[in-house]
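*Asks:* 190 is the number of the first residue of the sequence shown in my numbering; add one for each residue after it. Every residue, glycine too, gets a C-beta built ideally from N, C-alpha and C. If you're wondering where the values come from, they're calculated on a predicted model, not measured in any experiment.
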Amino acid sequence: MAAVDQLATASNSLTISDVQHLFKDFLMDKHFARDVLDESSCDDEDSPFALTYDSLPSECERTTENPYPHLIHFAVPVSWLSVLQTAARLHRAGLLSDDDVSLKNHNLAGLTLNVVRHLSCKHNCEPLTFAYAFCAPPGTHVVIQLYSNYTRSKKKPEGEKLEEILRDVQKQFGVEDAEPKWYYDRDYDEPSVLPGSYRYL
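Have a look at this one:
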């Protein structure tokens, strides 16, 4: 079965003509299709870092005694398929440029970043970003980070603003039922504030 057909089967809501038009050269590549359709996105399901939390674990709070806790994200999990759908829809609406959605210039991570940058500008908020969770739920590949334990003091929107951004992220990626949780980063022991690191700032 061609990758395009597999993607159509994987999601009834897929705007297949838009996605096929934008990404057809890549959808025919078996390695690209494998990455998009892969169900597994967990380094070790039995690890304590595979757990998710409704509230920030106390051991991950930044304190004077614990200035560099493990990196954890308050985020919504999405699949590469959702990213492709969202990018195609935003491109069709003229909200992302040809270059923004070019997989010749960007990999899937770059494409995801362009989508979340658009959402940040739309809401005039501190930049949203994405991360690779240590263990994302089955069928998802990355998490859209609202803030982390390192950035929540300066990035966390308050009250209705947070709710507005969250609901739009869920709507844009077609994951209305996915509530945000705390997910450990794949590289949980390399937080963004360490010298020389630029991740998730």
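(1) Following the continuous alpha helix (DSSP H) through L335, name the residue where it begins and the one where it ends.
(2) Can you tell me the Cα-Cα spacing of L285 and L279, whole angstroms?
(3) Leaving out five residues on either side along the sequence, give the residues of the same chain with a beta carbon under 7 Å from the beta carbon of S271.
(4) Nearest by alpha-carbon distance to Q359: which of V267, E248 and P258 is it?
(5) Sorted by chain position, which residues of the same chain lie with C-beta nearer than 8 Å to L355's C-beta, five sequence neighbours on each side aside?
(6) How far does the beta strand (DSSP E) with K293 in it reach, from first residue to last?
(7) Hey, out of H330, T275 and N313, whose CA is closest to C231's CA?
(8) With a threshold of 16 other CB atoms inside 10 Å of the CB of C310, please say whether the residue is buried or exposed.
(9) Which stretch, first to last residue, makes up the beta strand (DSSP E) that contains H259?
(10) Could you tell me whether the Cβ atoms of Y257 and W371 are closer together than 7 Å?
(11) Can you tell me whether DSSP reads A264 as helix, strand or coil?
(12) What is the residue span of the beta strand (DSSP E) that A148 lies within?
(13) Reducing DSSP to helix, strand and coil, say where D287 ends up.
(14) Under the rule that 16 or more other beta-carbon atoms within 10 Å means buried, what is D378, buried or exposed?
(15) Tell me which residue opens and which closes the alpha helix (DSSP H) that A277 is part of.
*Replies:* This is what the structure gives:
(1) By one-based count along the sequence shown, residue 335 stands at place 146. Note, L335: premise wrong, no alpha helix (DSSP H); beta strand (DSSP E) at V331 to S337.
(2) Position 96 of the sequence shown, counted from the first residue, corresponds to residue 285. Position 90 of the sequence shown, counted from the first residue, corresponds to residue 279. Cα to Cα, the separation comes out at about 6 Å.
(3) Taking the first residue of the sequence shown as 1, we reach residue 271 at position 82. So the qualifying residues of the chain are F362, G363 and V364.
(4) Here residue 359 refers to the residue found at position 170 of the sequence shown. Nearest option by C-alpha distance: V267.
(5) As a first step, residue 355 must be located in the sequence shown, where it is residue number 166. Answer for L355: V265, L335 and P369, listed in chain order.
(6) Your numbering for residue 293 matches position 104 in the sequence shown. Unbroken run through K293: none, as it is neither H nor E.
(7) Here residue 231 corresponds to residue number 42 of the sequence shown, with the count starting at 1. Nearest C-alpha to C231: H330.
(8) Looking up residue 310 in the sequence shown gives position 121. It is exposed - the Cβ of C310 has fewer than 16 other Cβ atoms within 10 Å.
(9) The sequence position of residue 259 within the sequence shown is 70, counting from 1. First-last for H259: undefined, no H or E at that position.
(10) The residue you call residue 257 lines up with position 68 of the sequence shown. The residue you call residue 371 lines up with position 182 of the sequence shown. It is not a contact, given that the beta carbons lie outside the stated cut-off.
(11) Position 75 of the sequence shown, counted from the first residue, corresponds to residue 264. A264 falls in the strand class under three-state DSSP.
(12) The requested residue 148 is not part of the displayed model; the chain covers only 190 to 390.
(13) Locating residue 287 in the sequence shown gives position 98, counting from the first residue. Note: D287 maps to coil in three-state DSSP.
(14) Within the sequence shown, the letter at position 189 stands for residue 378. Counting Cβ neighbours within 10 Å, D378 comes out exposed, since fewer than 16 surround it.
(15) Within the sequence shown, numbered from 1, the residue matching residue 277 stands at position 88. Run containing A277: W269 to R281, per the alpha helix (DSSP H) assignment.
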